[in-house]
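Here is the structure we will look at.
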Amino acid sequence: MGTPTRVLYIEDDQACGRLVQRVLQRSGYEVLLAFDGAEGMTLAQKMQPNLILMDINLPEVDGRVLTTRLRSTPQCQETPIVALTAMTGSEERKLALAAGCTGFLTKPINIDRFPQQIDAFLRGEKQKLPPAEQQHHLE
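The following block contains the structure:
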């Protein structure tokens with residue numbers, strides 16, 4: 002039996018973190034939880050997860066800022082980082098993708114579909130902004 006796929010979830014709401022952890026563990030994933038940005042940065046570099054789930058509204062450091070920081074490290078340059086947030090606006094999605102997120106999922110999660118959504122990102126699925134919007138959001 003191979004090594005399980007490792008997912009890091011950076012989320013300050015512990016109840017939400019535990020729910021996602023249970024859902025993904027049932028599908029065979031190893032799930033690490035970090036409850037703030039500093040812990041998430043440390044775990045991402047030390048444990049080198051296969052995928053990172055990122056809450057956007059984190060205390061002390063915004064999830065988009067943390068995504069940019071993670072992308073600047075050798076360990077996380079190619080790691081899929083998926084925003085998982087209750088903020089559902091299209092502008093939030095655009096900002097998350099412009100910051101370096103691979104994809105954007107909204108809370109509450111659909112527990113039946115969520116593992117398949119994670120599988121798709123692990124297989125290389127990416128959500129993209131049109132080129133004109135990429136430049137606009139990076140300025």
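For the sequence shown, the working numbering begins at 2 and goes up steadily by one. Note that the Cβ used here is the ideal one computed from N, Cα and C, for glycine as well.
By DSSP, does residue i sit in helix, in strand, or in coil?
i	result
Ala87	coil
Leu54	strand
Gly98	A small fix is needed here, since residue 98 is Leu in this sequence, not Gly. The answer is helix: DSSP assigns Leu98 an H, G or I state.
Glu140	Any reading at Glu140 needs caution, since the residue's pLDDT is 41, under 50, leaving its predicted position unreliable; the model's value is listed next. Coil at Glu140, not helix or strand.
Ile119	helix
What's the call for residue i, buried or exposed, on a 16-neighbour Cβ count within 10 Å?
i	result
Ala100	buried
Glu140	Only weak support is given to the placement of Glu140: the predicted model assigns it a pLDDT of 41, under 50, and the question is left unresolved by the model.
Gly41	buried
Ala87	exposed
Ala16	exposed
Gln135	Residue confidence for Gln135 is low, a pLDDT of 46 falling below 50, so the modelled location carries little weight and cannot support an answer.
Gly125	exposed
Arg114	exposed
Arg27	exposed
For the beta strand (DSSP E) containing residue i, name the first residue and the last one.
i	result
Val8	7-11
Gly104	104-107
Leu33	31-35
Quick one: residues in its chain with C-beta nearer than 6 Å to the C-beta of residue i, no 5 flanking neighbours on either side, listed in chain order?
i	result
Leu67	Gly38
Thr107	Thr89
Lys127	Thr103
Cys77	Ala45, Leu71
Gly18	Tyr10, Glu12, Leu34
What does a CB cutoff of less than 7 Å around residue i pick up in its chain, not counting 5 residues either side in sequence?
i	result
Phe122	Leu52, Pro81, Val83, Thr103, Gly104
Leu25	Val8, Val32, Pro116, Ile119
Glu61	Asp37, Gly38
Tyr30	Pro5, Thr6, Val8
Among the residues of its own chain, which have a CB less than 8 Å from the CB of residue i, if the five just before and after it don't count?
i	result
Glu92	none
Ile110	Leu20, Val21, Val24, Leu85
Is it the case that the Cβ atoms of residue i and residue j are separated by a distance below 7 Å?
i	j	result
Pro50	Leu9	yes
Glu12	Asp56	yes
Leu98	Arg65	no
Tell me where the alpha helix (DSSP H) around residue i begins and ends.
i	result
Thr68	64-72
Gln46	38-48
Arg124	Premise fails: Arg124 is in no alpha helix (DSSP H) and is neither H nor E.
Leu59	Premise fails: Leu59 is in no alpha helix (DSSP H) and is neither H nor E.
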